[in-house]
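Chains as they are written, first to last, in this note's numbering: chain R, 1 to 632; chain F, 633 to 960.
Where is the CB? At the ideal position from N, CA and C, for every residue including glycine.
It should be emphasised that the depicted structure is a prediction, and the values quoted were computed from it without experimental measurement.
Here the structure comes first, spelled out in structure tokens, and everything after it is commentary.
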């Protein structure tokens with residue numbers, strides 16, 4: 001093992017054409033990482049085009065992963081290893097690397113034509129511009145084709161195996177067991193013997209190349225530290241998987257089926273794909289003709305006594321707005337999932353952003369409040385989905401659940417929760433028929449604390465009533481144009497959403513002291529980078545704290561008081577300061593926004609830099625800082 | 633529980649607020665009468681509507697009812713039907729609601745064959761918004777938004793339905809108790825999407841727009857009442873008949889007494905003839921024009937699932953279905 005380079009954690013980036021199979025290679029490598037007991041975080045970064053013109057810089061698809069000892073909460077700022085399948089992938093990724101990083105490039109792709117397409121005037125391997133990196137050129141394309149030759153595949157079909165060839169090499173470098181990947185290939189290509197065997201052969205050939213090639217002395221091997229994760233059973237999970245499982249779990253906890261109604265849109269579609277396979281879990285899916293039909297079918301489902309869920313991304317959510325108003329007015333439970341992406345309009349469909357917070361909190365006609373919550377990590381999507389359903393059924397209201405493109409696709413190890421430890425979800429039971437009462441009024445007997453009305457659904461005898469989007473009398477439930485009544489109903493709808501706060505646990509400080517100089521407030525997928533930045537900054541600065549919000553509307557009741565205990569508040573978010581605005585609006589806070597809208601998650605370094613700039617200079621002795629470094 | 637109900641049992645306490653003389657009153661009466669006649673149970677019946685005059689309908693029927701948003705009733709009704717396929721779901725809509733703002737949803741429930749009874753109140757005008765021309769208004773319709781006459785060609789509900797793949801299309805006149813009642817019963821019995829176009833007289837904004845064929849005095853000569861398997865005859869003495877002209881692929885009127893063998897017999901399953909019947913202007917074809925049953929969407933949707941929407945596996949089990957590892 002002496003030739004292994006031991007590392008606490010390592011960032012690996014795979015980059016190639018969108019057709020090179022980089023995403024598959026990354027997710028398979030991560031699956032093996034998980035099984036080898038490392039903590040990890042991933043960031044798939046791919047173009048909007050399905051197969052962008054080969055060899056171009058804008059067609060580059062990348063998969064970045066950070067693996068090692070915990071806590072790993074981001075895919076890492078700077079890759080230590082880059083596998084570049086072509087010059088364009090090298091060109092796009094090179095600025096992210098630190099000097100000394102290991103570059104593995106696919107030699108065969110450095111043709112004149114590809115160099116021109118990538119915008120290189122001269123071959124970067126020959127100009128000296130890669131001198132400060134550890135460059136290893138491998139004929140991946142050629143070696144792969146040689147390996148799969150016996151299968152008689154065409155050049156293009158055979159070439160498709162090269163991601164497995166490269167994966168084999170990577171597996172050798174990280175001393176990983178090939179069997180989980182072999183199993184996966186065997187399952188995935190069970191119906192196509194030739195492709196299956198070709199991929200397996202490519203995988204083994206890449207692995208053997210590492211073992212035997214003359215280059216092997218130059219090829220470093222890595223021994224990455226194993227994570228010290230809490231004891232328990234783990235699996236790897238992406239945000240989309242966790243959110244889907246969470247919705248199914250919510251159905252089980254409420255003992256109701258779930259009907260997920262959606263229209264295809266990036267990056268929300270993976271939820272539809274996952275849930276379409278969850279029939280056994282009491283989940284149905286309906287691919288509607290458009291976004292509006294999707295939310296309307298979900299409303300119809302909830303009206304029928306099933307948990308209606310719809311899902312989209314910002315532009316699709318915009319289309320659903322009118323129907324959300326109907327659900328508010330008719331007091332129907334509904335979950336609306338927004339996997340946010342860069343905008344406005346079509347914007348950056350495959351890139352991440354948190355810029356739909358205004359839309360969620362404020363974005364409807366009239367006074368139409370809807371509770372808003374957000375997930376903070378891939379695994380957390382599971383719990384966020386359960387919470388969204390819980391609120392919807394308790395208060396008989398639509399709930400908006402914010403995720404984003406980064407969370408949907410990012411993977412992490414996940415401590416599998418014990419379903420028995422999650423509190424069941426109660427529904428507002430229908431009343432017994434009562435001849436002395438008008439059924440219309442019975443349908444609107446609201447709970448004093450939650451203002452949720454009973455969930456009476458078609459099929460229940462003697463409880464027939466009419467719902468609608470017209471204003472109704474607060475007591476009788478019949479249509480009412482009475483001016484005073486409209487004020488009372490508007491107040492009731494506001495009070496109902498405010499009442500959600502009564503059920504939210506107090507906001508707690510995640511890292512740092514309970515009072516002091518600076519409070520960093522995060523929400524959504526910025527959890528990973530902020531958490532990591534806090535670990536780093538607290539090695540030198542103690543007077544900084546961090547809290548992360550699940551509930552964005554309404555806020556936890558104690559949030560204002562918590563903010564008041566700090567001299568400054570910093571809100572990093574992937575938008576132009578939307579949570580800062582809501583904090584000002586709702587709590588009169590005066591936060592400093594840290595905004596980033598590049599379609600990319602925060603780097604730890606940019607957060608550390610900003611936080612440091614807001615803190616007074618450090619006066620502690622260097623030795624003391626170092627000693628405290630590892631502590632929280 | 634299952635006492636025999638009358639039309640009155642399906643009336644609500646709500647004061648009906650359509651304009652006096654509106655055709656909707658007659659439709660409401662025919663629908664409640666039909667519900668009683670077919671033995672519908674109020675708790676298992678739901679009326680879903682969008683926006684417009686017709687959309688007030690659910691408030692006046694003592695069943696479950698949901699007055700929703702403009703054009704979207706078919707989508708909401710689809711969700712309800714998937715959630716609980718045992719509910720008899722009626723969609724009440726108008727020409728603007730279903731063929732303009734909601735055209736997309738109507739198209740898709742028809743081609744999917746969702747088990748909905750869709751009542752399209754066609755009055756060729758926007759009533760609730762005070763009289764603008766609608767997607768079914770004839771070119772040249774003068775209205776507040778088309779003072780010099782509208783210029784676009786109207787959509788034909790029948791052609792739309794057949795083009796969308798509808799498997800049931802029928803027509804009736806609002807005040808025609810018998811004809812409307814018969815069609816409603818057929819629609820109720822149909823297992824998929826049943827679209828019924830009801831010629832509805834808006835006495836305020838488009839009075840007598842269908843007068844040329846609804847006028848009872850001339851009805852015998854202007855209406856072709858279709859009956860499955862029966863020859864297509866009309867006229868006071870059934871002296872006129874409809875013949876298919878193979879030379880120009882069209883329907884034409886012939887002397888039925890002179891050439892009885894030439895008269896077409898109505899075959900509800902013939903889509904080509906249905907396409908010609910819906911275009912017939914004089915006489916206007918009424919009754920069930922096209923009926924060709926197939927499995928409803930909800931039936932196929934449930935058939936594709938082993939246990940319907942019932943749970944047969946625990947989430948805890950699925951959480952562990954991928955590669956897992958244990959940290960000690």
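{"Check": "Closest to residue 893 of chain F by CA distance: which of F:696, F:930 and F:863 is it?", "Outcome": "F:863"}
{"Check": "Using a Cβ-Cβ cut-off of 8 Å (strictly less than) and excluding sequence neighbours within five positions of residue 704 of chain F, which residues of its own chain qualify?", "Outcome": "682, 734 and 737"}
{"Check": "Output the distance between the C-alpha atoms of residue 315 of chain R and residue 348 of chain R, rounded to the nearest integer angstrom.", "Outcome": "11 Å"}
{"Check": "Mind checking if residue 723 of chain F is an interface residue toward chain R, Cβ cutoff 8 Å exclusive?", "Outcome": "no"}
{"Check": "Just verifying my parser: in three-state terms, what is the DSSP assignment at residue 6 of chain R?", "Outcome": "strand"}
{"Check": "Does DSSP put residue 252 of chain R in a helix, a strand or coil?", "Outcome": "helix"}
{"Check": "Using a Cβ-Cβ cutoff of less than 6 Å, which residues in the same chain neighbour residue 134 of chain R once the five nearest sequence positions on both sides are dropped?", "Outcome": "102"}
{"Check": "Can you say whether residue 176 of chain R is buried or exposed, counting buried as having 16 or more other CB atoms within 10 angstroms of its CB?", "Outcome": "buried"}
{"Check": "So, helix, strand or coil for residue 665 of chain F, using DSSP?", "Outcome": "helix"}
{"Check": "When the Cα atoms are used, what is the spatial distance from residue 710 of chain F to residue 303 of chain R?", "Outcome": "11 Å"}
{"Check": "Could you check the C-alpha separation between residue 254 of chain R and residue 395 of chain R for me, to the nearest Å?", "Outcome": "14 Å"}
{"Check": "Between the stretch 326-337 of chain R and the stretch 287-307 of chain R, do three or more beta carbon pairs fall short of 8 Å?", "Outcome": "yes"}
{"Check": "Just the C-alpha distance for residue 579 of chain R and residue 444 of chain R, rounded to the nearest angstrom, thanks.", "Outcome": "34 Å"}
{"Check": "According to DSSP, simplified to helix, strand and coil, what is residue 548 of chain R?", "Outcome": "strand"}
{"Check": "Starting from the C-beta of residue 914 of chain F, find all residues in its chain whose C-beta is less than 7 Å away, skip the five residues before and the five after it, and write them out in chain order.", "Outcome": "854"}
{"Check": "Can you pull the chain F neighbours of residue 419 of chain R, defined as C-beta to C-beta under 9 Å?", "Outcome": "946, 947, 948 and 951"}
{"Check": "Identify every residue that forms a DSSP beta bridge with residue 877 of chain F.", "Outcome": "F:882"}
{"Check": "Could one say the Cβ of residue 660 of chain F lies closer than 8 Å to chain R's Cβ atoms, at least one of them?", "Outcome": "no"}
{"Check": "Compute the Euclidean distance between the alpha carbons of residue 49 of chain R and residue 16 of chain R, then round it to the nearest angstrom.", "Outcome": "14 Å"}
{"Check": "What residues in the stretch 296-326 of chain R bring their beta carbon closer than 9 Å to a beta carbon of chain F?", "Outcome": "296, 297, 298, 299, 300, 301, 302, 303, 304, 305, 306, 308, 322, 323, 325 and 326"}
{"Check": "The stretch 673-696 of chain F: which residues have C-beta closer than 7 Å to a C-beta of chain R, in chain order?", "Outcome": "674, 675, 676, 678, 690, 691, 694, 695 and 696"}
{"Check": "Pull up the DSSP beta-bridge partners for residue 138 of chain R, would you.", "Outcome": "R:106"}
{"Check": "So residue 517 of chain R and residue 616 of chain R are supposed to be a Cβ contact under 8 Å. How far apart are they, rounded?", "Outcome": "7 Å"}
{"Check": "Which class does residue 628 of chain R belong to by DSSP, given the choice of helix, strand or coil?", "Outcome": "Note on residue 628 of chain R: pLDDT 47, under 50, position unreliable in the model; the coordinate value appears next. Helix."}
{"Check": "If you follow the beta strand (DSSP E) that residue 837 of chain F is part of, which residue opens it and which one closes it?", "Outcome": "From DSSP, residue 837 of chain F is part of no beta strand (DSSP E); its letter is neither H nor E."}
{"Check": "Quick check: is the beta carbon of residue 574 of chain R nearer than 8 Å to any beta carbon in chain F?", "Outcome": "no"}
{"Check": "Between residue 400 of chain R and chain F, is any beta-carbon pair separated by less than 8 Å?", "Outcome": "no"}
{"Check": "Under the three-state reduction of DSSP, which class applies to residue 475 of chain R: helix, strand or coil?", "Outcome": "coil"}
{"Check": "Under 6 Å Cβ to Cβ from residue 841 of chain F, same chain only, skipping five residues before and after it: list those, please.", "Outcome": "756"}
{"Check": "Can you tell me where the alpha helix (DSSP H) holding residue 677 of chain F begins and where it ends?", "Outcome": "No alpha helix (DSSP H) holds residue 677 of chain F; the beta strand (DSSP E) holding it covers 677-681."}
{"Check": "For residue 709 of chain F and chain R, any beta-carbon pair shorter than 8 Å?", "Outcome": "yes"}
{"Check": "Determine whether the beta carbon atoms of residue 684 of chain F and residue 760 of chain F lie at a separation below 8 Å.", "Outcome": "yes"}
{"Check": "So, with DSSP's three-state summary, where would you put residue 470 of chain R?", "Outcome": "coil"}
{"Check": "Does DSSP put residue 567 of chain R in a helix, in a strand, or in coil?", "Outcome": "strand"}
{"Check": "Out of curiosity, what's the CA-to-CA distance linking residue 957 of chain F and residue 480 of chain R?", "Outcome": "60 Å"}
{"Check": "Is residue 719 of chain F closer than 8 Å to residue 678 of chain F when the C-beta atoms are compared?", "Outcome": "yes"}
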